[in-house]
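Below you'll find the structure, written out as structure tokens, and then a few comments.
Residue numbers (the numbering used here): 14 to 303.
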């Protein structure tokens, strides 16, 4: 029984992290209708930026994390304002944007590989690694921080979307960008803000993963797949779909680790994706429930 509870506790932490990944992706896609595959490039940039700032430049973890998140937010803003906006101005189709986004992701991954190589790197966690025992269920200090920070970031993001004037503008743009523009909303600027916010959420996850398992070149592809899968499972047209899907994928993965060989995890996750789409094509959250 203790083993089951231990796996479940670890699954809750993983679910919170995947929920953050999914929310960061669905927030961008549902608001702008841009399939942002270059989100994976932002993860790569954040991962290596955090390593360089802390392990090489010697910044404290908190300062390194703050600078990393700010850099990722700027990268997201620049991708929308510079890269995607150039295509939108020329009337590019959604398919063209998707291919361009994928190309940007591959380009950044290739450059990162040339600069940093393929070897994994470790970021020292110091006292953060000390854990606590909850009646036989052990969680490391980093797991507790991971869950707490992910939960706080998710709650703050949801409250901002639901209660602030900025959030109302984002929801209006997601529903009808033309109408939003006619009502005086600067859609171009708002899209850039959405990209910056989504990138900042992703960067927080990148920092936490780097502290947990180190900086692993090439890992951004799996993170991108998790984020996109979570968004689709939850409902890609919902601002909250990625969060719901990420929580589901994280808990499903923890069950898979208990019942299956680790090599079957991806098979199980994508089989669940296919099954959910067959039963409910619009995802767990139906279109229109925002």
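Cβ coordinates follow ideal geometry from the N, Cα and C atoms, glycine included.
Bear in mind the structure is a predicted one, so any value in this text is a computation, not a measurement.
Taking a cut-off of 8 Å for Cβ pairs, the stretch 49-62 and the stretch 260-276 do not touch, as fewer than three such pairs fall below it. When the five nearest sequence neighbours on each side are left out, the beta carbons in the same chain lying within less than 6 Å of the beta carbon of residue 225 are those of 155, in order along the chain. Secondary structure of residue 151 (DSSP, three-state): strand. From the listed residues 253, 28 and 270, the smallest Cα separation to residue 296 is found for 253. Inter-residue distance for residue 15 and residue 151 is about 10 Å (C-alpha atoms, whole angstroms). Shortest Cα-Cα distance from residue 237 to any of 223, 250, 177 and 219 involves 219. Taken in chain order, the whole alpha helix (DSSP H) runs of length 4 or more contained in the stretch 167-254 are 178-188, 190-195, 200-226 and 233-247.
A straight line joining the alpha-carbon of residue 98 with that of residue 46 spans about 13 Å. Counting only the Cα atoms, residue 239 lies some 27 Å from residue 179. Of the candidates 158, 211, 167 and 31, the residue whose Cα lies closest to the Cα of residue 183 is 211. In the pairwise beta carbon analysis, the stretch 88-108 is classified as touching the stretch 199-210: at least three pairs are separated by under 8 Å.
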